[in-house]
Amino acid sequence: MRLPPLHLPPLPPVAGSLSGRSVVDVLAEEHRELLALLGAGAGSARRRRDLLDVLAASASRHLCAERQYLYPAVRAALPDGAALAAREVAAGHEILISLRDRADVAGALRRHVDATAALLDRLAGAVTVEDLVRLGSRVEVAEEAAPTRPHPGAPATPPWNKVVDPALGTLDRLRDAVTGRPTSAKMLTRRYANRLF
1 MRLPPLHLPP
11 LPPVAGSLSG
21 RSVVDVLAEE
31 HRELLALLGA
41 GAGSARRRRD
51 LLDVLAASAS
61 RHLCAERQYL
71 YPAVRAALPD
81 GAALAAREVA
91 AGHEILISLR
101 DRADVAGALR
111 RHVDATAALL
121 DRLAGAVTVE
131 DLVRLGSRVE
141 VAEEAAPTRP
151 HPGAPATPPW
161 NKVVDPALGT
171 LDRLRDAVTG
181 RPTSAKMLTR
191 RYANRLF
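Heads up: the sequence shown is residues 1 to 197, going by full-length UniProt numbering.
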């Protein structure tokens with residue numbers, strides 16, 4: 001059975017082989033990191049604040065990239081993709097609001113991980129491996145420019161999110177640099193002498 005293409009630009013050639021990671025692998029790794037941050041435990045008030053900052057930054061980047069590339073692919077490839085994508089965009093919006101307000105997001109993030117895993121299984125059965133790798137590459141690139149703070153009022157669908165998100169990301173990274181705010185698990189691990197997890 002021939003699977004429909006997603007009409008993404010071609011991958012750069014690498015000695016005749018497929019290069020990059022599948023979107024399934026990229027997002028599964030990020031989901032594990034988000035869940036690890038949720039389970040990182042307590043500590044001093046500063047450590048708890050730093051954990052929340054890293055969780056907010058990681059989840060903001062992650063949700064941004066999914067809105068830019070995963071959900072449009074789901075809309076294009078699955079018969080019920082528009083409804084599935086709309087549901088997950090709305091759930092992601094609620095997560096961003098909770099992160100912004102410093103409310104509890106554990107249940108919502110766990111539900112997101114489960115729902116996205118099911119969505120990725122369906123997507124993997126509907127498109128080619130090459131398209132999954134193209135999506136993985138685009139997700140990774142989108143996250144490099146994505147906001148590190150929750151912006152629930154930002155556009156959630158292309159094309160506007162692909163314009164606004166990098167601009168917000170630049171401003172967020174500038175604020176993070178000025179304030180010394182940690183935005184990754186690696187930064188926390190260095191700050192707390194390898195005692196994060």
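Cβ coordinates follow ideal geometry from the N, Cα and C atoms, glycine included.
Just so it is clear, the structure is predicted and the values come from calculations on it, not from any experiment.
For the pair V24 and V178, the Cα-to-Cα distance works out to about 34 Å. In the displayed model, T179 falls within a helix according to three-state DSSP. Taken in chain order, the complete beta strand (DSSP E) segments of 3 or more residues contained in the segment 124-176 number zero; there are none. Put simply, the backbone Cα of V127 is about 12 Å away from that of L70. The alpha-carbon separation between A59 and L27 amounts to approximately 11 Å.
By the CB criterion at 9 Å, L119 and V74 fall inside the cutoff.
For V105, the secondary structure class from DSSP, reduced to helix, strand or coil, is coil. Between V113 and L35, the beta carbon gap of about 6 Å places them in contact (Cβ cut-off 8 Å).
A residue is called buried once 16 or more other Cβ atoms fall within 10 Å of its Cβ, and A85 is buried on that count. With distances taken between CA atoms, A145 lies nearest to H62 out of H62, A42 and A56. Our two residues, L188 and R149, have alpha carbons roughly 17 Å apart in a direct line. Here DSSP, grouped into helix, strand and coil, assigns P72 to helix.
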